[in-house]
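Novice: Pasting in a structure now, in structure tokens, and then I'll have a few things to ask.
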Amino acid sequence: MRGIMLYILPFPLLIAAISALLDGEIYGTLLAGGAFAAYMVAATIARHGFRLERDYQRRKIARAPRTPFKTVAALFISLTTGVLAWLGTGGDYGLLSAALIGATNFLGFALYYGLDPRRDKAAGISIGVTVDEVMEALDAAEIRIEAIDQARQAIKNKDYNARLNRITHKAREILETIEANPTRLSSARKFLKVYLDGASKVTESYARSQNAQQAMPAALETDFNRVLDSIEQTFNEQHTKLLENNTFDLDVQISVLEQQLKREKVF
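If you count by the working numbering, then the sequence shown holds residues 962 to 1228, one letter each, in order.
Shown next as structure tokens:
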């Protein structure tokens, strides 16, 4: 729970604000309450920045956060601390001293938590493929995988559920392969789109039909079972082909799968 102390440390200000309110001190209430609120906002912004940073560190290819949330949080904290020192100590600190206190807080945050990554991670990116292209393909694929996962949870058939779980696991292995070697993207782009679009559509369609009917028609069960067989088998085969960079066989197998999905009215 990185950053949880950013929420805990300001709580004496909340107590001070309540105490000032009970004593009828409007100025003290507003100052302490406003500072507490500002620290809470800063903590929330910082926690969002930490999440983005974890995702950035986890991936081999990643965009640097477009908004420097950790830096914004550090500025919020330093500004709040400086204003609190200037206005809330009965004149003990002048403007310059308060500014130095605020700057010290910023430095402390930067040293302890670090600031935001500013450079894209582009390991293995080749000429003709940009970080944005790879990230867009991976992000779009992950959205489709999550759609399959969500639909899978509504499917009561344990066998189908387990097979769909294997399919999404294999899909994520493909994404990891592309991330580790982005030169595979051009070979995998069509395959990812056809497979994942088809798999998500047919899974969501089956889940909707199951929810709408008490008993599934035998023909629908047969069709869904056959499509799952084809998708699972083809995806396992093509993962190997992708690792071997055998683009000719890959395109042939994708075309066969695409035709079957069309026959099953997935597209």
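Backbone N, C-alpha and C fix where the C-beta goes; we use that ideal spot for every residue, glycine too.
Please confirm if the region 998-1018 is in contact with the region 1055-1065, defined as three or more CB-CB distances below 8 Å between the two stretches.
Specialist: No, the region 998-1018 does not touch the region 1055-1065.
Novice: I'd like the list of long-range same chain contacts for V1095, defined as Cβ closer than 8 Å, with 5 residues on each side in sequence excluded.
Specialist: The residue given as residue 1095 occupies position 134 in the sequence shown. Within the same chain, V1095 has close Cβ partners I1022, I1086, I1139, E1140, P1143, L1146.
Novice: Start and end of the alpha helix (DSSP H) containing K1131?
Specialist: The residue labelled residue 1131 in the question sits at position 170 within the sequence shown. Run containing K1131: 1119-1141, per the alpha helix (DSSP H) assignment.
Novice: Using DSSP with H/G/I as helix, E/B as strand and the rest coil, what is I1116?
Specialist: As a working note, residue 1116 is residue 155 in the sequence shown. DSSP places I1116 in coil when its eight states are reduced to three.
Novice: Could you tell me which uninterrupted alpha helix (DSSP H) segments, each at least 4 residues in length, are contained entirely in the region 1016-1085, listed from first to last along the chain?
Specialist: The qualifying runs are 1030-1048, 1056-1074.
Novice: Is it right to say G1055 is buried, meaning 16 or more other beta carbons lie within 10 angstroms of its own, or is it exposed?
Specialist: Here the question's residue 1055 lines up with position 94 in the sequence shown. By the neighbour-count rule (16 or more Cβ atoms within 10 Å), G1055 is not buried but exposed.
Novice: Just tell me which of Q1018, L1072, R1020 has its CA closest to the CA of T1035.
Specialist: In the sequence shown, residue 1035 corresponds to position 74, counting from 1. For clarity, residue 1035 is Ala in the given sequence; the question names Thr instead. Nearest C-alpha to A1035: L1072.
Novice: Can you give me the C-alpha to C-alpha distance between F1228 and L1099, rounded to a whole angstrom?
Specialist: Position 267 of the sequence shown, counted from the first residue, corresponds to residue 1228. Position 138 of the sequence shown, counted from the first residue, corresponds to residue 1099. Here F1228 scores only 39 on pLDDT, less than 50, and its place in the model should not be relied on; the value that follows carries that caveat. Approximately 22 Å, taken between the alpha carbons.
Novice: Which class does G994 belong to by DSSP, given the choice of helix, strand or coil?
Specialist: The count along the sequence shown starts at 1 and reaches residue 994 at position 33. DSSP places G994 in helix when its eight states are reduced to three.
Novice: Which residue's Cα is closest to the Cα of E1107: S1161, G1051, L982?
Specialist: Mapped onto the sequence shown, residue 1107 falls at position 146. Out of S1161, G1051, L982, S1161 has the C-alpha closest to the C-alpha of E1107.
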